[in-house]
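Contents: one structure, followed by commentary.
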């Protein structure tokens, strides 16, 4: 029996005792000579005294049932998967969000352990999580991979907390799971963009600062001490592509006689 139920029983007994005491005080003033009339009066007065208390208890019971139904509806229709299990990991409850997440219906999973959802390499970690929660620890946003009914791996984030009974002992485990496949894809895309940016910045840094270049042949000395053509050095470190031509001054210096003869 829960603490609330114990308090209700004790309150009922105390109220009945008080009502009977009132009857015992009031009854002599009625001066009823017949024992039958005394019995009827006793029962009637006691019933009149107890009736409001019984009505109050009924109101409390209905409110408690309505609150329990409301909380059950919140859990059932929550967007996230809400799963209840014993300390041994046996599934006891499975809401509609869990069905949408992995595809299994409630009758298919209740009474089973989570091994059918977890890849073999993830089972030791799950066992450790259940042990930690059984000791009263709360675990938030733990990332893991589960298998859907179709066999497709799902990236999920789970939060686990202990369920306590009326005596303050852990009696079960509540699990809330959420699909983070899209978030993980976005994080991987972002990480890829960051890597590309870092690579581009590295290339920019490579082409900045002082470059050792030969004053005669215009070759560049790289980090390994090798002298390479400036076209090769720049092309390897940037998306620049070179086309080759000859400027007028070099044309005269190299082919001046040919140009003069052709001009003549």
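Residue numbers (my numbering): 2 to 265.
Heads up, the beta-carbon is just placed ideally off N, CA and C, and yes, glycines get one too.
Since this is a predicted model, take the numbers as computed values, not measurements.
Residue 91 holds the alpha-carbon nearest to the alpha-carbon of residue 176 among 91, 71 and 188.
Excluding its 5 nearest sequence neighbours in each direction, residue 80 has C-beta neighbours in its own chain below 7 Å: 98, listed in chain order. Taking C-alpha positions only, residue 183 is separated from residue 236 by approximately 38 Å. Residue state for residue 87 is assigned as coil, using DSSP reduced to three classes. Residue nearest to residue 157 within the set 241, 244, 169 and 101 is 101 (criterion: CA-CA distance). For the stretch 178-254, the full-length alpha helix (DSSP H) segments reaching 4 residues or more read 182-207 and 231-238 along the chain. Looking at the DSSP output, residue 175 shares a beta bridge with 85 and 162.
The beta carbons of residue 173 and residue 93 sit about 7 Å from each other, so the pair counts as a contact at 8 Å. Excluding residues up to 5 positions away in sequence, 103, 147 and 148 lie with their Cβ nearer than 7 Å to the Cβ of residue 118 in the same chain.
The C-alpha of residue 152 is placed about 26 Å away from the C-alpha of residue 87.
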